[in-house]
Amino acid sequence: MTPHATTSAAGDTTGVWLIGARGSVATTAVAGCAALAAQLLAPTGMVTETDAFTGSGLPALDSLVFGGHDTASTPLPKRAEELAAQGVLPPWLPAAVHSELAAADARIRPGGPVDGDSRAPEELIADFATDLRDFARRTGVARTVVVNVASTEPEPAPGTWPASSLYAAAALRAGCAFADFTPSTGLRHPQLAGAARVSGLPYAGRDGKTGQTLLRAVLGPMFAQRALAVRAWSGTNLLGGGDGAALADPAAARAKNAGKERVLADTLGTTPQGEVHIDDVPALGEWKTAWDHVAFDGFLGTRMVLQTIWQGCDSALAAPLVLDLARLLARAHEKGLSGPRPELGFYFKDPDGDESALTEQYAHLLAFAARLGHSR
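Heads up: the sequence shown is residues -10 to 365, going by our numbering.
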C-alpha cells in the first residue's frame, strides 16, 4: 500500500456523483477506489497518489462517497462481475468490494430524459439538482464533485438541451464542481456559459485523454521540436462495449475526433493530412486498439514513417483519472477556486487552456498541486 493513500478523519467526506454511474468506467472507478482504500491493490495509474501530491490536501480515497445518475438498471455488483469476466477487474475483486458497490448502487438515481419522458428541460434540471442536494443531505458530505462519464453524445441541434448539459446545469444549481470526461456538450452549452462563470465553482473538461490522444500529445511535440515535417497523420480505433456502440453514430464520432485533431493542430502548429476512423467491433468488449500512421520528412527531404499501436482497456485507463479529477476539483472547491481550471488540461483532449503538449500540461498540474497545498 502506498503511503499516499491516506485515511480520512471521521465525518470528513467528499461526494463523487457520476453521470453514467452504472457504466464500465464508473464501475471500475468505484470498485478500484474501494480496493485502494482497503489496501487490496496498489494505486497504479493514479497521478494524485504520486509523491508530488502528498502535501496537496486532497480528500483521502476512503473519504469518497459515490452516487450518480443512470438510465441503466443493472446494479453495480453485477456490472463488476461482468467486467471481471472480461478481464477488466481481477476475478476476486467484485466479491471483495461487494458491500461498497452495493452501497454506491443504492445511491444511484434514474437519469434522463428517456423515451416517453414528458418533462421539459427546466423540470429535468430541477429534478437532477434535487437528487444532488438529497445525496449531500443523506450522506453528510462536505461537498460534491459531478463527473460525466456517460456515453458520447452527438452535437446537439441549435436551441436543444442534450442530457449532458441538463446534468451540468443541475450541478451548477446544486453547488457542485463539475468535470466532463466526455466530448459531449456539457457545460459548453451556450446557455450555461454565463451561469458557469458566476457560479463560484471550479470545473474542468472535456473528453478524457487515455490512449491514442495521450500518445499524440507526446509525439506531436517531438516532431515539432526536432524540426521534422509531418505530412500526414492517420489513425484507426477499434473498440467494443458501450463506447463502441455509441461512437458507431457518425455524429458522435465527429465529436470524439475533434479533440484528437486539436492536439495535432496545437502541437504541430499545422493540421496534417489524414483522418481518424472509429470502428465498432462488439467482439472486443471493453478492449480497444488504436493504430496511428505518421508520414514525415527528415533531413534533405528523406521520407519516413512512424507507426504506433496502442492496445488497452479504456475503463482501466480512465477510472484512475476520474478519481484524480474528483479529488483535485474537490480540493479546489474547498480552497475557494472557481471557474475553468486549465491546470487540469493534462487529463483532457479538449482542455480549457491553450496548452496541448503533455510535458507542459504536467508541469502546470504539478504547480497546481503545490498551490492546493498552500494555506490561504
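Don't be surprised by glycine CBs; every beta carbon is placed ideally from N, CA and C.
Look at Thr141 and Thr174 and say whether their C-beta atoms are less than 8 Å apart.
no
Going by DSSP, which residues form a beta bridge with Val54?
Gly4
Check whether the Cβ atoms of Ala308 and Thr17 sit closer than 8 Å, and answer yes or no.
yes
Does Ile298 pass the burial test, meaning 16 or more other C-beta atoms within 10 Å, or should it be called exposed?
Its Cβ having fewer than 16 others within 10 Å, Ile298 is exposed.
Which residues in the same chain as Ala15 place their Cβ atom closer than 7 Å to its Cβ, once the five residues preceding and following it in sequence are excluded?
Leu7, Gly9, Gly57 and Val138
Leaving out five residues on either side along the sequence, give the residues of the same chain with a beta carbon under 7 Å from the beta carbon of Leu227.
Asp268, Val270, Leu273, Lys277 and Thr278
Compute the beta-carbon to beta-carbon distance between Leu347 and Ala206, rounded to the nearest angstrom, for a pair I have assumed lies under 8 Å.
4 Å
Measuring CB to CB, does Ala24 end up less than 8 Å from Leu72?
no
I'd like the span of the beta strand (DSSP E) that includes Lys277, first residue to last.
Trp276 to Asp286
Strictly by DSSP, which residues pair up with Ser153?
Paired residues: none, contrary to the question.
Can you list, in chain order, the residues of its chain with a C-beta nearer than 7 Å to that of Phe357? Leave out the 5 residues immediately preceding and following it.
Glu332
For a minimum of 4 consecutive residues, which ranges assigned as the alpha helix (DSSP H) are wholly contained in the region 164 to 205?
DSSP assignment within the region 164 to 205 yields the following whole alpha helix (DSSP H) runs of 4 residues or more, N-terminal first: 182 to 187.
Which one or two residues does DSSP pair with Pro210 in a beta bridge?
In DSSP, Pro210 forms no bridge with anything.
Is it right to say Ala(-2) is buried, meaning 16 or more other beta carbons lie within 10 angstroms of its own, or is it exposed?
Because the pLDDT of Ala(-2) is 43, which lies under 50, any placement of that residue in the model is unreliable, and the question is left without a value.
Does DSSP put His322 in a helix, a strand or coil?
helix
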